[in-house]
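*Asks:* Here it is, the structure, as structure tokens.
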Amino acid sequence: MSDRKILLLGGAGYVGTVLTSHLLKKGYKVRALDNFIYENEFAVQPYFGDPDYEFMKGDITNEADLQKAVEGVTDVVILAGLVGDPITKKYPEASEKINTKGVQDCIDYLNGKGLDKVIFVSTCSNYGLIGEDELADENFKLNPLSLYATAKVEGEKQLLGMKEEADFTGTVLRFATAFGLSPRMRFDLTVSEFARDLFFGKELLVYDEHTWRPYCHLRDFSRLIEMVIEADKEKVKFEVFNAGGDVNNFTKKMIVDEVLNHVTNGKVVYNSKGSDPRNYRVSFKKVKDVLGFEPKFTVEEGIMELVEALKAGLYADSVNNLDKYGNYQIDYQ
Ligand SMILES: NC(=O)c1ccc[n+]([C@@H]2O[C@H](COP(=O)([O-])OP(=O)(O)OC[C@H]3O[C@@H](n4cnc5c(N)ncnc54)[C@H](O)[C@@H]3O)[C@@H](O)[C@H]2O)c1
Numbered sequence: 093m094s095d096r097k098i099l100l101l102g103g104a105g106y107v108g109t110v111l112t113s114h115l116l117k118k119g120y121k122v123r124a125l126d127n128f129i130y131e132n133e134f135a136v137q138p139y140f141g142d143p144d145y146e147f148m149k150g151d152i153t154n155e156a157d158l159q160k161a162v163e164g165v166t167d168v169v170i171l172a173g174l175v176g177d178p179i180t181k182k183y184p185e186a187s188e189k190i191n192t193k194g195v196q197d198c199i200d201y202l203n204g205k206g207l208d209k210v211i212f213v214s215t216c217s218n219y220g221l222i223g224e225d226e227l228a229d230e231n232f233k234l235n236p237l238s239l240y241a242t243a244k245v246e247g248e249k250q251l252l253g254m255k256e257e258a259d260f261t262g263t264v265l266r267f268a269t270a271f272g273l274s275p276r277m278r279f280d281l282t283v284s285e286f287a288r289d290l291f292f293g294k295e296l297l298v299y300d301e302h303t304w305r306p307y308c309h310l311r312d313f314s315r316l317i318e319m320v321i322e323a324d325k326e327k328v329k330f331e332v333f334n335a336g337g338d339v340n341n342f343t344k345k346m347i348v349d350e351v352l353n354h355v356t357n358g359k360v361v362y363n364s365k366g367s368d369p370r371n372y373r374v375s376f377k378k379v380k381d382v383l384g385f386e387p388k389f390t391v392e393e394g395i396m397e398l399v400e401a402l403k404a405g406l407y408a409d410s411v412n413n414l415d416k417y418g419n420y421q422i423d424y425q
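Number 217 in the working numbering belongs to position 125 of the sequence shown; there are no gaps in the numbering.
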């Protein structure tokens with residue numbers, strides 16, 4: 093048992109629910125705050141009734157909600173927001189309110205509350221487009237190409253700029269693109285989208301198949317967050333870590349080929365002029381050297397896990413019920 097109580101802002105999401113399971117299993121107490129912006133209430137149902145779990149419906153842009161949520165917790169993980177380029181492009185005003193102003197005000201609010209660690213979950217998308225033979229480490233120039241990544245860069249700046257004055261230890265984790273099963277399943281992410289579409293026999297249109305991205309399993313992200321929570325402050329204090337592992341730097345074509353090893357009759361069409369120019373290979377040396385973190389799950393294993401779940405019929409409704417399985421639609425003032 094741990095005496096720590098971790099507040100997960102955005103705890104009902106794809107990452108937050110798997111992280112909840114992990115932390116509860118490891119003996120932490122968890123409080124999740126979420127506004128169910130995708131009507132994703134169903135995702136927290138497995139945790140209700142667990143004496144170590146508390147849920148608060150609330151919004152990170154509302155200071156009264158934050159005040160209640162922070163009371164009695166030792167550490168905070170900031171996950172909340174509109175996640176992904178398409179949803180932020182579709183709702184620029186909500187994105188500005190939540191991802192830009194909301195996150196920055198929230199980070200500011202957390203100062204002076206006697207917290208131990210504050211972890212801001214950012215993204216490797218911040219690197220944008222980089223040269224073919226380059227590898228982005230944490231000091232690589234950031235080149236955010238979307239509203240989504242621009243807000244993340246601003247959030248990082250806000251946290252890192254508080255180094256001298258903050259009473260907490262702040263850490264930025266730049267997540268690779270996630271894969272893996274979750275109570276709040278998302279099929280709007282590359283690995284799961286490719287696996288689902290090929291499994292159901294839909295012709296998959298893949299743009300710019302040779303572009304690289306890093307990927308990481310949700311269970312590995314959860315372990316990493318626990319490692320940061322438990323780390324010596326000196327190691328993580330206002331540090332930025334790329335979160336993932338070199339083994340999971342993949343091109344889209346490599347993902348398709350791997351899915352096709354497990355799905356018969358998959359149909360793929362390649363097109364070289366996509367609207368998403370992101371291409372980045374990322375170095376995960378620092379997180380390995382400083383924290384000893386390496387992923388346990390490969391993209392291949394993630395694909396097998398997905399295909400098994402699809403074969404078992406778990407996501408039979410995911411083609412006709414798109415909104416339930418991704419970040420497409422919000423109703424937010
Ligand atoms: N999924 C990925 O591939 C990936 C990659 C890099 C970084 N990240 C980061 O990880 C974090 C979690 O991503 P995810 O995939 O779980 O996304 P998600 O959309 O599944 O989860 C986000 C959660 O935040 C909640 N939320 C939105 N606005 C809120 C608000 N104003 N107040 C309270 N809650 C609010 C949503 O209801 C949702 O439950 C995000 O910060 C994201 O930027 C994710």
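Idealized CB from N, CA, C, for every residue including glycine.
List the whole-angstrom C-beta distance separating threonine 263 from lysine 209, where the pair is believed to meet the contact cut-off of C-beta under 8 Å.
*Replies:* For the purposes of this step, residue 263 is taken as residue 171 along the sequence shown, with counting starting at 1. For the purposes of this step, residue 209 is taken as residue 117 along the sequence shown, with counting starting at 1. With 8 Å as the limit, threonine 263 and lysine 209 qualify as a contact, their Cβ atoms being about 7 Å apart.
*Asks:* Rounding to the nearest angstrom, what Cα-Cα distance links lysine 378 and arginine 278 in this structure?
*Replies:* The residue labelled residue 378 in the question sits at position 286 within the sequence shown. The residue labelled residue 278 in the question sits at position 186 within the sequence shown. Approximately 29 Å between the Cα atoms of the pair.
*Asks:* Would you call the segment 238-254 and the segment 302-316 touching, i.e. three or more CB-CB distances under 8 Å?
*Replies:* Segments in contact, no.
*Asks:* Taking its Cβ as the centre, do 16 or more other Cβ atoms sit within 10 Å of aspartate 167, making it buried, or is it exposed?
*Replies:* Here residue 167 corresponds to residue number 75 of the sequence shown, with the count starting at 1. Result: buried.
*Asks:* Shorter than 7 Å, the distance from the beta carbon of asparagine 419 to the closest heavy atom of ligand 1, or not?
*Replies:* As a working note, residue 419 is residue 327 in the sequence shown. Yes, since a heavy atom of ligand 1 falls inside the 7 Å radius drawn around the Cβ of asparagine 419.
*Asks:* Assign aspartate 151 to one of two classes, buried (16 or more other C-beta atoms within 10 Å of its C-beta) or exposed (fewer than that).
*Replies:* What you label residue 151 is simply residue 59 of the sequence shown in a count that begins at 1. By the 10 Å Cβ count, aspartate 151 comes out buried.
*Asks:* Using beta-carbon positions only, say whether valine 325 and leucine 383 come within less than 8 Å of one another.
*Replies:* Within the sequence shown, the letter at position 233 stands for residue 325. Within the sequence shown, the letter at position 291 stands for residue 383. Checking the sequence, you will find lysine at residue 325 rather than valine. The answer is no: Cβ separation not under 8 Å.
*Asks:* From lysine 205 to alanine 258, what distance separates their C-alpha atoms?
*Replies:* Within the sequence shown, numbered from 1, the residue matching residue 205 stands at position 113. Within the sequence shown, numbered from 1, the residue matching residue 258 stands at position 166. The alpha-carbon atoms of lysine 205 and alanine 258 are separated by roughly 10 Å.
*Asks:* In chain order, which continuous runs of the beta strand (DSSP E) of length 3 or greater are located wholly inside the segment 308-372?
*Replies:* Segments of the beta strand (DSSP E) lying fully in the segment 308-372: 331-335, 341-343, 360-363.
*Asks:* With distances taken Cα to Cα, identify the nearest neighbour of leucine 237 among Gly103, Val351, Thr180, Thr112.
*Replies:* Numbered from 1 along the sequence shown, position 145 holds the residue referred to as residue 237. Nearest of Gly103, Val351, Thr180, Thr112 to leucine 237, Cα basis: Thr180.
*Asks:* How would you label asparagine 357, buried or exposed, when you count the other beta carbons within 10 angstroms and need 16 or more for buried?
*Replies:* Translated into the one-based positions of the sequence shown, residue 357 becomes position 265. Result: exposed.
*Asks:* If I'm right that phenylalanine 128 touches lysine 149 with Cβ under 8 Å, what's the distance once you round it to whole angstroms?
*Replies:* Residue numbering aside, residue 128 sits at position 36 when the sequence shown is read from its first letter. Residue numbering aside, residue 149 sits at position 57 when the sequence shown is read from its first letter. Right, their Cβ atoms sit about 7 Å apart.
*Asks:* Would you kindly work out how many angstroms separate the C-alpha atoms of histidine 309 and phenylalanine 267, rounded to a whole number?
*Replies:* Locating residue 309 in the sequence shown gives position 217, where the first residue counts as 1. Locating residue 267 in the sequence shown gives position 175, where the first residue counts as 1. Computed Cα separation, rounded: 10 Å.
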